[in-house]
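For what it's worth, my numbering labels the leading residue of the sequence shown as 44, then goes sequentially.
Working notes, beginning with the structure itself.
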Amino acid sequence: MKKVGLFTSVLLLCCNIGLFAQGNQIDAYTLSNTELGGTARSMAMGGAFGALGGDLSVISSNPAGLGIYRSSEISGGLDLSMANTSTNWSGVSTDQNKTRFALNNFGFELYFPTSSGSIRNWNLGFSYNRVKNYNRRYKMSNRGQEYSMADYAAWRASNAYGPGVGIPESNLTYQEGRYNPYDNMPWLPVLGYESGMFNNQYGANGEYHSDFGFWDEDTWMIYMPNESHLSVNESGHMDEYNIGFGMNISNFLFLGASVSVTDINYKYASFYTDRFYAESETRDDDLYLENWLNTEGTGVSLNIGAIMNLQMLRLGVAYNTPRMYDMTDYFDARAGTYNNSYEEPELEAGVPEQSYSEYRFRTPGKWIFSGALILGQSALISADYELVNYKDMEYLSRRDDSDDMEFPENDNIDADYTWAHTLKLGAEIKVTPQFAVRAGYMMQTSPMREDLANNNVEVLPSGTLPHFTVTSKPVNYYTVGLGYRFTPNFYMDLACVYRYHSANAYAFSNTYYDGEVDVESIPASLKTKKTNLALTLGYKF
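Below is the structure:
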């Protein structure tokens with residue numbers, strides 16, 4: 044194998060980057076689903092405000108709730124997020140913590156009463172909400188995994204075009220000024236080959252094996268890693284800006300519409316190592332893979348809704364259209380090996396500088412059905428049910444692309460996802476006219492089919508990123524809160540939200556040959572516990 048040291052080059056965007064550095068079906072879900080956010084009052088009641096209205100958080104869900112207002116209002120809030128993750132990878136446990144403080148929501152609503160006719164009032168509103176916080180850090184360690192990252196990268200190179208149809212060795216080799224494999228080949232096999240993870244052991248073009256092993260007569264025996272470690276640091280947010288309109292028709296029917304503009308800023312950094320003990324050497328054999336990803340995008344959607352007021356009972360329905368994003372992914376990755384079987388044991392490589400991919404992405408639409416029971420001036424109970432078909436997620440080519448690219452990831456999305464259901468419950472009791480206590484619950488089911496959640500289908504790397512998490516279990520939120528009105532105009536709301544989620548984390552995907560597992564990846568159990576403390580101050584006028 045040709046040994047090439049660390050290289051860098053400036054790479055202009057071309058269609059092949061979009062093809063080989065594109066996100067996968069796991070990334071699609073990361074860009075589509077949201078968390079519980081909004082005002083502290085809404086969060087304290089599990090977000091169940093679809094039929095209640097009268098809260099700035101409804102502009103992005105059921106804007107008909109703007110028509111419930113009988114005065115103008117301005118409010119803003121802060122949020123303290125504390126995330127704890129715990130992993131267990133084949134008996135080795137690790138805990139990590141991460142804390143962030145941020146502006147969580149801000150908005151205003153303007154009330155315009157009418158003097159006559161069936162339209163009693165109409166309302167305009169603007170709101171900013173942080174609808175997702177990506178902040179999370181986790182580590183996982185294993186002693187005794189059967190396969191290494193070198194085995195996985197070699198398998199991807201050997202079967203890139205189908206079972207047993209690999210990439211010719213000449214197509215994996217960087218030739219300065221003549222050929223850049225990142226323009227033409229899947230990224231992870233190229234980086235793995237250039238960094239010395241695998242080699243053409245038997246001289247068969249397109250057939251590769253881990254470079255960590257030994258010859259037993261005529262058979263190449265791969266080493267199992269004695270230690271494997273993965274460290275992941277996620278950060279960023281999904282922010283939503285909403286402009287809405289609502290109206291009140293005879294205090295019976297409330298209608299509304301809004302436009303939402305969403306900004307995504309997602310950062311992902313990972314460091315993976317495999318270590319192979321070499322007792323007769325001064326240093327053990329090892330490999331590493333380091334990745335950085337920064338995803339930025341802006342999307343637009345339309346929201347429409349209605350609320351019917353039946354005295355004590357309110358019923359609501361809303362539809363949030365699919366959101367169309369213009370996305371850019373910025374990539375960087377480095378890999379290296381230390382292999383005592385070579386005269387020059389240390390080798391490193393990296394992807395080209397300034398590597399990025401531009402594409403469009405469409406999220407699924409959402410239906411919201413709501414009900415609320417108003418018990419005089421002292422109490423209320425509310426419930427929302429949301430329905431989303433995640434099969435409708437779709438990667439699309441850029442608007443200025445002359446060729447309408449096909450994304451195989453869309454076929455994986457269609458096969459691996461189904462409907463997701465979200466249930467939101469909330470209650471409020473006014474202990475005094477000024478003081479209220481609140482509680483709620485929210486549950487989101489996983490839209491991942493069992494085969495994906497159990498890694499029974501291969502998840503292709505996103506560029507050079509092979510790590511991912513999957514689950515078939517729901518996300519649960521438990522919420523409580525307080526509200527106090529200092530004057531008829533000025534109020535304060537507090538909320539505490541506890542979120543619990545369990546998943547499986549994989550260093551890389553299982554691979555399959557003729558329906559059987561070829562390279563097996565052992566999952567780590569990953570439990571995420573997040574506590575949010577939210578404060579909202581508001582003024583009615």
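Where a beta carbon is used, it is the ideal one built from N, C-alpha and C, also for glycine.
Rounded to whole angstroms, the gap between the alpha carbons of S552 and H510 is 8 Å. Around the beta-carbon of E387, fewer than 16 other beta-carbon atoms lie within 10 Å, marking it exposed. Within the segment 298-369, the runs of beta strand (DSSP E) at least 3 residues long that lie entirely inside it are, in chain order, 328-353 and 356-363. The beta carbon of D557 sits closer than 8 Å to the beta carbons of P206 from its chain, once the five residues preceding and following it are set aside; these are given in chain order.
Only exposed fits D454, as fewer than 16 other CB atoms lie within 10 angstroms of its CB. For Y438, the enclosing beta strand (DSSP E) begins and ends at E437 to L439. P531 has its alpha-carbon roughly 52 Å from the corresponding atom of N67. Bridge pairing for W132: V135 [DSSP]. Here K310 has S278, G279 and N337 as same chain residues with Cβ atoms under 6 Å from its own Cβ, once five neighbours each way along the sequence are excluded.
One thing to note: T364 has its Cβ within 8 Å of the Cβ of L345. Cβ-Cβ separation between L74 and T507: approximately 19 Å, too far for a contact (criterion under 8 Å). Fewer than three Cβ pairs drawn from the segment 376-384 and the segment 406-421 lie within less than 8 Å of each other, which leaves the two stretches out of contact.
Close CB contacts of R481 within its chain, under the 6 Å cut and outside five residues either way in sequence, are with A87, M88, E471 and G524 (chain order).
Residue environment for Y320: exposed (fewer than 16 other C-beta atoms within 10 angstroms of its C-beta). Annotation: the segment 465-537 contains the following complete segments of the alpha helix (DSSP H) (minimum length 4 residues), in chain order: 493-496. In the DSSP assignment, Y399 falls within the beta strand (DSSP E) that extends over S398 to R405.
By DSSP's assignment, M86 forms no beta bridge with any residue. Cβ neighbours of A83 within its own chain (closer than 7 Å, five residues either side excluded): G120, G524, D536, L537, A538, A577, L578 and T579.
Of all alpha-carbon atoms in Y195, M351 and G256, the one lying nearest the alpha-carbon of P504 is that of Y195. DSSP places G235 in the uninterrupted alpha helix (DSSP H) bounded by W230 to E237. Annotation for M281: V174, K175 and I307 place their beta carbon closer than 6 Å to its own, counting only its chain and skipping 5 residues before and after. As computed with DSSP, S75 is found in no beta bridge at all.
Looking from the CA of Q354, the closest CA among A145, N294 and V343 belongs to N294. For Y284, the enclosing beta strand (DSSP E) covers residues E270 to I292.
When the Cα atoms are used, G209 and L167 turn out to be separated by approximately 60 Å. Residue burial is scored here from C-beta neighbours: M264 has fewer than 16 other C-beta atoms within 10 angstroms and is therefore classed as exposed. Around N499, the same chain offers E493 and N553 as residues with beta carbons nearer than 8 Å, after the five sequence neighbours per side are excluded. In the structure shown, E452 adopts helical secondary structure according to DSSP, grouped into three states.
Contact between the segment 111-119 and the segment 88-98 is present, with at least three C-beta pairs closer than 8 Å.
In terms of Cα proximity to P517, the closest of N214, Q487 and P106 is Q487. The beta carbons of L296 and A349 sit about 7 Å from each other, so the pair counts as a contact at 8 Å. A Cβ-Cβ separation of about 6 Å places Q477 in contact with Y527 under the 8 Å criterion. If you look at Y428, you'll find it in the beta strand (DSSP E) that goes A422 to N432. By the neighbour-count criterion, in which a residue is buried when 16 or more other Cβ atoms sit within 10 angstroms of its Cβ, F241 is buried. As a beta-bridge residue in DSSP terms, F155 pairs with W165. The continuous alpha helix (DSSP H) containing S201 extends over residues M192 to S201.
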